[in-house]
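Student: Taking the numbering used here, the leading residue of the sequence shown gets 2, the next gets one more, and so forth.
This structure is in structure tokens; I'll ask about it shortly.
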Amino acid sequence: MIRLAAFDLDGTLVGPDLTLSPRVKAAVARAQSQGVIVTIATGRGPSPTDQYAAELGLTAPLVCFQGGIVYDHRARTILHETRLDPAVVSIIVRLAAERGWNLQFETPFMIYLPREANQPDELMELLKVSRWTRVNDFLADLPETPHKFILSLHDRAERDALAAELRASFDSELAAITVVPSHPILVEGLPRGMNKSIGLAWLAHHFGIRREEVLAVGDNDNDAEMLKWAGVGVAMGQGSPAALAAADWIAPSVADDGAAIALEKYTDGDG
């Protein structure tokens with residue numbers, strides 16, 4: 002029996018228009034009325050995830066920053082978190098300056114961009130739902146150690162090459178990070194070993210739920226570990242090869258309400 006259902010946000014609960022469909026809302030409401038705990042597991046921070054949690058009427062904490070934090074959106078408190086090693090921050094600031102990478106840092110309630118930068122228009126569109134500010138000097142002006150960094154690209158075709166270059170750069174510096182291509186124009190750097198399954202496992206333990214009782218649904222490479230960890234892992238029909246390979250079942254695409262169909266399948270007694 003499924004007791005906890007976790008959904009990726011972009012490409013799973015919402016499509017390119019960033020809106021929740023009526024069927025998704027209805028499926029979540031029905032599952033919660035049956036006692037299923039429903040949460041979002043996303044690479045986004047708390048602020049841009051809050052609005053979706055509120056619209057869905059979620060009561061459970063949210064898994065944000067690719068598993069790096071578990072956030073109680075009703076109490077506005079962080080229940081569990083992992084931050085970057087300060088040495089990693091110093092290294093990526095230097096590498097970005099040397100190689101012309103578009104760098105930003107994220108903490109739970111703020112995104113930090115460099116004062117002078119050439120961020121892609123698509124990134125600035127994504128940031129419309131987030132709180133962000135510009136700083137003169139990352140090493141001097143960041144008020145706290147960030148939870149992750151992001152490199153953004155103008156050309157989507159360069160993403161995988163950038164991810165490989167980033168991994169190789171940190172290997173040569175003997176500083177370990179987890180590199181996640183999380184969006185067609187974004188590559189994220191996370192604390193070593195971090196992925197959504199870490200935050201989801203913490204949340205399941207918090208509620209006394211076994212992994213066999215967890216449903217996870219996602220569409221991208223950054224969902225694969227979560228899909229493999231959960232008792233039932235579902236990939237969206239338009240999912241990446243890594244997500245599809247990790248799944249126990251493949252749902253219809255986000256355009257066809259695949260997230261709602263998966264939740265109905267595994268909580269209405271048909272799974």
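Just so it is clear, CB atoms sit at the ideal spot from N, CA and C, and this is done for glycine as well.
Remember, predicted model here, so these are calculated numbers, not experimental data.
Would you identify the three-state DSSP class for residue 203, choosing helix, strand or coil?
Tutor: Of the three classes helix, strand and coil, the one that applies to residue 203 here is helix, per DSSP.
Student: For residue 126, count neighbouring Cβ atoms within 10 angstroms of its own Cβ and tell me buried if that reaches 16, exposed if not.
Tutor: The residue is exposed, with fewer than 16 neighbouring Cβ atoms inside 10 Å.
Student: Does the Cβ-Cβ distance between residue 153 and residue 48 come in under 8 Å?
Tutor: No.
Student: Quick check: what's the CA-CA separation for residue 141 versus residue 208?
Tutor: Their backbone Cα atoms lie some 40 Å apart in a straight line.
Student: Rounded C-beta distance between residue 58 and residue 30? I'm assuming under 8 Å.
Tutor: Yes, they are in contact, since the Cβ atoms of residue 58 and residue 30 sit about 6 Å apart, within 8 Å.
Student: From the DSSP output, in three-state form, read off residue 111 for me.
Tutor: Looking at residue 111 - three-state DSSP - the assignment turns out to be strand.
Student: With residue 50 as the anchor, note down where its alpha helix (DSSP H) starts and where it stops.
Tutor: 47 to 57 is the span of the alpha helix (DSSP H), which, as asked, contains residue 50.
Student: Within its chain, find whatever has a CB closer than 7 Å to the CB of residue 256; leave out the 5 residues flanking it on each side and keep chain order.
Tutor: Within the same chain, residue 256 has close Cβ partners 16.
Student: Using the rule of at least 16 other Cβ atoms within 10 Å of the residue's Cβ for burial, across every protein chain shown, is residue 2 buried or exposed?
Tutor: It counts as exposed.
Student: On the DSSP bridge list, what partners appear for residue 149?
Tutor: DSSP output for residue 149 lists 107 as bridge partner(s).
Student: Which of helix, strand or coil does DSSP assign to residue 168?
Tutor: Residue state, collapsed to three classes: helix.
Student: Nearest CA to the CA of residue 186: which residue from 173, 102, 50?
Tutor: Comparing Cα positions, the closest option is 102.
Student: Measuring alpha carbon to alpha carbon, tell me which of 158, 193, 4, 160 ends up nearest residue 177.
Tutor: Considering only alpha carbons, the answer is 193.
Student: Between 149, 151, 110, 147, which lies nearest to residue 133 when the distance is taken from Cα to Cα?
Tutor: Comparing Cα positions, the closest option is 110.
Student: Can you give me the C-alpha to C-alpha distance between residue 9 and residue 91, rounded to a whole angstrom?
Tutor: Roughly 30 Å between the two C-alpha positions.
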